[in-house]
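So the mapping is simple: the UniProt record's numbering equals the position in the sequence shown, first residue as 1, plus 230.
Heads up, the beta-carbon is just placed ideally off N, CA and C, and yes, glycines get one too.
Written below as structure tokens is the structure these notes are about.
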Amino acid sequence: VTEIGKPERAVVTTCAYCGVGCTFRAEMRGEQLVRMVPWKDGKANRGHSCVKGRFAWGYAQHQDRILKPMVRESIDQPWRAVSWEEALGFAASRFKAIAATHGNNALGGIVSSRCTNEEGFLVQKLVRAGFGTNNVDTCARVCHSPTGYGLKTTFGTSAGTQDFDSVEESDVILVIGANPTDGHPVFGSRMKKRLRQGAKLIVIDPRRTDLVRSPHVEADYHLPLRPGTNVAVLSALAHVIVTEGLVNEAFVRERCDWDEFQHWAEFVSQERNSPEFLEPVTGVRADLVRGAARLYATGGNGAIYYGLGVTEHSQGSSTVMAIANLAMATGNIGRRGVGVNPLRGQNNVQGACDMGSFPHELSGYRHVSDAATRALFEAEWGVKIDPEPGLRIPNMLDAATDGLFKGLYIQGEDILQSDPDTKHVAAGLAAMDCVIVHDLFLNETANYAHVFLPGSSFLEKDGTFTNAERRIQPVRKVMEPLNGYQDWEVTQELARALGLDWNYTHPSQIMDEIARLTPSFAGVNYARLDAEGSLQWPVNDAAPDGSPIMHVDGFVRGKGKFVVTDYVPTDERTGPRFPLLLTTGRILSQYNVGAQTRRTENSVWHAEDLLEIHPTDAENRGIKSGDWVRLASRSGETTLRATVTDRVAPGVVYTTFHHPATQANVVTTDYSDWATNCPEYKVTAVQITPSNGP
Ligand code: SF4
């Protein structure tokens with residue numbers, strides 16, 4: 231503050247990092263951001279923040295920002311800075327040529343989970359109404375798409391059931407495959423506060439995360455399962471609940487499909503689902519499973535929170551449904567203090583999913599095959615919408631390598647770094663005739679792009695983000711866009727270059743269109759958001775004030791649906807060459823592929839990725855903390871520094887994935903969730919050997 235001077239004005243806006251959605255006062259001096267102060271009235275954070283939201287904003291005005299559009303004929307040529315008009319004309323003529331030669335389905339788009347709801351809505355509209363295809367997807371493909379499938383199937387809608395405040399009435403908190411202290415720090419602190427007040431804690435995680443043991447919190451049960459065995463552990467918990475008579479039968483009879491419940495109960499009661507039978511599979515002691523099951527079922531209000539350790543598996547969707555089964559069987563749904571809560575990773579991954587960014591769904595999670603829904607959009611947009619689902623990101627890349635998919639518009643996502651099997655992603659991108667990257671920085675994916683459209687940071691735009699508790703919050707323009715345009719304006723200009731007659735002059739008009747077309751957003755508008763600060767969807771005639779808690783009187787789908795989820799081992803197996811199991815995660819100071827945090831002073835805390843290895847495995851290999859090691863899998867290899875720690879169990883290693891030099895996804899497999907293609911990032915058979923460094 232001393233260097234820059236005192237702030238002259240302040241704007242209240244929403245953090246652009248994680249799904250907690252903290253509100254800040256952005257304090258400005260001229261066009262220079264001076265500091266971010268957590269906003270006391272922010273409903274998600276109540277005046278708190280973490281080191282990312284508070285300090286890691288320097289990337290927004292970083293010298294690496296690309297502010298002029300660029301084009302090139304082919305990816306082996308140098309970039310050429312051009313006018314916006316030339317870049318958009320170049321992109322449009324290539325996309326038109328592709329459609330004319332290969333058909334509309336040779337084109338597609340990727341909606342950013344970092345951009346606003348309005349910007350995401352426009353990209354999927356451009357793909358459907360402009361490109362004429364349903365080939366649209368979003369980064370939830372690689373994170374929470376199993377949440378979409380699993381919660382929609384069991385409860386009827388693809389979102390967490392509770393607001394954050396609800397945790398204050400939880401008696402038992404079950405955290406599975408999530409590390410909220412690092413991944414969702416402000417909510418992690420609220421959770422810890424409740425635990426300090428006496429709530430009980432069950433953690434299901436291969437690692438001993440901070441929640442398991444920290445100065446003032448200790449888990450009552452830590453189930454350190456072998457990576458890839460979530461469904462087996464959840465089956466064992468369900469076995470205990472059913473066979474020991476701990477089911478809340480009154481709730482199940484009233485709220486759920488009784489026949490499906492009985493079918494499920496019969497399945498989980500089988501001896502092969504007992505904790506004792508499954509102990510050799512999961513590596514978790516049967517007595518711990520029995521104790522945890524009794525505590526969750528009988529300890530009062532039981533709330534489940536989960537993260538990517540649940541979804542990024544070949545059985546990700548099954549795991550989400552197994553969690554939903556547990557909550558329904560014990561009656562832990564539909565009131566404060568209970569529920570099933572995915573901790574969404576990115577600031578607006580919930581919103582991107584809500585906005586119709588999947589190839590099979592229009593906004594509000596309505597399938598494209600539904601004629602009435604299509605008719606609504608067709609009347610508003612004046613086009614026909616294909617009733618068949620389009621391609622998911624991995625299928626777009628497969629089709630590209632087969633010569634069938636030729637043009638991709640990527641808004642704010644670095645798929646070369648974030649998606650699995652880097653070689654395959656590169657091959658798919660290299661096979662396309664036109665890749666448009668719309669981003670703040672020349673990211674790794676841009677190495678395969680023909681058009682680069684400069685993006686705008688969250689400080690330079692108006693719009694809304696939706697956090698993990700379905701809370702729609704304003705994002706307000708703090709400074710003028712450095713490139714001259716907000717992202718929604720760039721998408722609109724691309725649409726116009728393709729011949730579409732779009733004339734939005736403010737994102738509020740886009741939100742009005744979203745509200746007209748999306749029943750769960752029917753009551754959302756900018757005037758209300760300004761007056762009330764935020765709204766939690768559904769907001770409509772049935773819930774005019776919004777919905778902090780869902781499924782209160784009945785499930786969105788009617789009766790809650792129990793689904794039998796049989797444990798199926800992943801095809802990724804350890805063996806003599808690759809005897810260890812690798813799992814991955816985030817660290818507090820850094821964020822995802824690090825495009826933002828690496829360009830801030832947060833990097834002083836975590837300047838490179840690390841590899842955690844158990845002392846026994848390290849000693850067997852002659853490895854000490856700080857040594858360089860080679861991490862190799864069947865897919866590829868990379869080099870990192872080792873941290874020797876018993877936070878991981880013997881046989882398990884763990885790495886972060888924030889730095890491009892590491893390229894952690896070079897080693898991950900191409901196995902994916904059976905229902906959604908979400909990659910199995912959390913289970914890779916690897917070998918670790920000493921190395922001299924990169
Ligand atoms: Fe931003 Fe999440 Fe940190 Fe809040 S907890 S300041 S939303 S990164």
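Where does residue i fall in DSSP's three states?
i    : result
E509 : helix
W488 : helix
G235 : coil
L352 : helix
V498 : helix
Y678 : helix
D771 : coil
N571 : strand
Q739 : helix
I553 : helix
C369 : helix
P809 : coil
I305 : coil
W858 : strand
C583 : helix
H332 : helix
V250 : coil
A286 : coil
Please tell me whether residue i and residue j are closer than 8 angstroms, where the distance is taken between their beta carbons.
i    : j    : result
V498 : S548 : no
G586 : G642 : no
T473 : T439 : no
I740 : F751 : no
I406 : I434 : yes
F394 : F792 : no
A240 : T253 : no
P624 : T899 : no
G413 : L573 : yes
V913 : G866 : no
L861 : V916 : yes
F285 : E838 : no
T804 : Y901 : no
Y247 : K298 : no
V372 : Q354 : no
H452 : V463 : no
G815 : Y884 : yes
N697 : S343 : no
Report yes if the C-beta of residue i is less than 7 angstroms from at least one heavy atom of the ligand SF4; otherwise report no.
i           : result
C248        : yes
C373        : no
N275        : yes
S477        : Correcting the residue type first, residue 477 is Val in the shown sequence and not Ser. Because no heavy atom of the ligand SF4 lies under 7 angstroms away, the Cβ of V477 does not count as near it: no.
G569        : no
R283        : For the sequence presented, residue 283 should be read as Gly rather than Arg. Indeed, a heavy atom of the ligand SF4 lies less than 7 angstroms from the Cβ.
C345        : no
S323        : no
G633        : no
G251        : yes
residue 934 : The chain is shown only over 231 to 924; residue 934 falls outside these bounds and no answer can be derived.
C369        : no
C583        : no
Assign residue i to one of two classes, buried (16 or more other C-beta atoms within 10 Å of its C-beta) or exposed (fewer than that).
i           : result
E316        : exposed
K614        : exposed
V798        : exposed
E610        : exposed
S921        : buried
N733        : exposed
T244        : buried
residue 201 : Here the chain has residues from 231 to 924 only, and residue 201 is not among them.
T919        : exposed
K653        : exposed
D760        : exposed
H493        : exposed
S599        : exposed
residue 935 : Since the first residue shown for the chain is 231 and the last is 924, residue 935 is missing from the structure and cannot be characterised.
K854        : exposed
L668        : Per the sequence shown, residue 668 should be read as His rather than Leu. H668 comes out buried.
E910        : buried
Comparing the CB of residue i with every heavy atom of the ligand NAD, is any distance shorter than 7 angstroms?
i    : result
V416 : Summarising the ligand content, the structure contains the ligand SF4 and does not contain the ligand NAD.
What beta strand (DSSP E) runs, 3 residues minimum, are completely inside the segment 422-495? Taken in chain order, the unbroken stretches of beta strand (DSSP E) that lie wholly in the segment 422-495 and span 3 residues or more are 430-434 and 451-453.
Start-end ranges of the beta strand (DSSP E) lying completely within the segment 619-682, minimum 3 residues: As far as the segment 619-682 is concerned, its whole beta strand (DSSP E) runs of at least 3 residues are 637-641 and 664-669.
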